[in-house]
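Accompanying notes for the structure given below.
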């Protein structure tokens with residue numbers, strides 16, 4: 184065998200093994216469909232059409248949106264991970280439906296524009312600028328840049344997504360400062376309003392075995408004196424902002440979500456994650472994130 188041919192074979196072998204993950208996904212690489220660039224772009228647009236209000240209402244009411252596979256896995260950078268179709272339907276569609284009885288940092292998605300996009304096989308990466316209106320902040324309308332990695336299966340269902348709200352800290356600061364020109368007073372107003380909203384939702388929906396506080400007064404006492412408002416990266420930690428996210432879900436499934444606004448956070452709002460654990464989190468199993476069709 185000639186030297187050049189041997190070198191070629193070695194390089195080919197190296198390239199084929201470089202994409203291998205040390206953690207084998209449940210779906211084999213051979214099963215990942217090759218959907219093509221144009222279809223992946225259409226699927227990306229289809230998702231955002233269903234995400235925008237009022238289309239998201241229909242998806243949320245379905246309980247199990249067929250946008251997602253049954254074993255879908257999702258992660259949002261500033262919160263936590265979400266597994267299964269029902270939970271993802273609640274958090275991706277139900278969370279963004281306007282609720283006039285709630286004080287929340289969550290906005291209502293309207294128009295969108297995909298401004299960056301690339302795709303290969305069954306994987307798409309995009310940046311989408313979405314116009315949000317924030318009812319709890321004087322109906323202020325602001326653009327939000329959302330970075331997504333998504334994989335689809337042969338049925339064109341989302342099997343995984345990894346999402347980052349770009350410049351979320353800047354967005355949050357802009358919203359809170361709109362409450363008062365004094366930054367300290369603005370945070371105090373936000374904390375009081377969010378705590379009151381959480382406690383109202385608890386009073387309305389968390390009954391019997393789902394009850395987390397003996398009274399609304401105890402709820403307000405705990406949340407305003409023992410729980411910090413939270414920074415932008417703490418929507419999955421022991422903060423008011425984390426409980427605010429989960430408050431909206433209480434009405435859908437109190438038995439699942441009431442504990443998330445309680446004192447210990449129900450495994451969703453606590454400080455157990457370290458920075459290193461967050462970065463090195465090994466979660467996705469449904470499909471490889473590196474395409475195997477070139």
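Residue numbers (this note's numbering): 184 to 477. We treat Cβ as the ideally placed atom computed from N, Cα and C, and that holds for glycine.
Residue 303 sits in a strand when the DSSP states are folded into three classes. Taken atom to atom, the span from the alpha-carbon of residue 413 to that of residue 217 is near 42 Å. In the displayed model, residue 317 falls within a strand according to three-state DSSP. For residue 378, the secondary structure class from DSSP, reduced to helix, strand or coil, is helix. If you draw a straight line from the Cα of residue 383 to the Cα of residue 339, it comes to about 40 Å. Contact annotation: residue 437 and residue 409 have beta-carbon atoms that are not nearer than 9 Å.
Counting C-beta pairs with one atom in each stretch, the stretch 334-353 and the stretch 395-403 have fewer than three that are closer than 8 Å, which means they do not touch. Between residue 323 and residue 266, the C-beta gap is not smaller than 9 Å, which leaves the two residues out of contact.
As the crow flies, the alpha-carbon of residue 377 is around 16 Å from that of residue 396. Proximity of the stretch 420-433 to the stretch 264-283 meets the contact definition, three or more beta-carbon pairs being nearer than 8 Å. The stretch 308-324 and the stretch 346-358 touch, with no fewer than 3 CB-CB distances between them shorter than 8 Å. Per the C-alpha coordinates, the member of 390, 301, 343 and 472 positioned closest to residue 223 is 301. In this structure, residue 228 sits away from residue 248, with a CB-CB distance that is not shorter than 9 Å.
According to DSSP, residue pairing for residue 266 in a beta bridge involves 256. Under DSSP, residue 422 takes part in a beta bridge, and its partners are 411.
In the DSSP assignment, residue 236 falls outside any alpha helix (DSSP H) and carries neither an H nor an E. Only residues of its own chain outside the window of five on either side were considered, and among them 362 and 363 have a CB closer than 8 Å to the CB of residue 372, listed in chain order. Annotated three-state conformation of residue 345 is strand, per DSSP.
Around the beta carbon of residue 296, fewer than 16 other beta carbons sit within 10 angstroms, so the residue counts as exposed. The beta carbons of residue 444 and residue 385 sit closer together than 9 Å. Between residue 259 and residue 348, the CB-CB gap stays under 9 Å. DSSP places residue 329 within a strand segment (E or B) once states are collapsed to three. For the pair residue 334 and residue 470, the CB atoms are nearer than the 9 Å cut-off. CA-CA distance, residue 435 to residue 389, rounds to 11 Å.
Cβ contact annotation for residue 420 (same chain, cutoff 6 Å, sequence separation greater than five): 454, in chain order. For residue 352, the enclosing alpha helix (DSSP H) has its first and last residue at 351-360. The C-beta separation of residue 236 from residue 293 comes to about 6 Å, placing the pair in contact by the 8 Å criterion.
Residue pairing by DSSP puts residue 335 in a beta bridge opposite 341.
Of the residues 279, 407 and 220, the one whose Cα lies closest to the Cα of residue 315 is 279.
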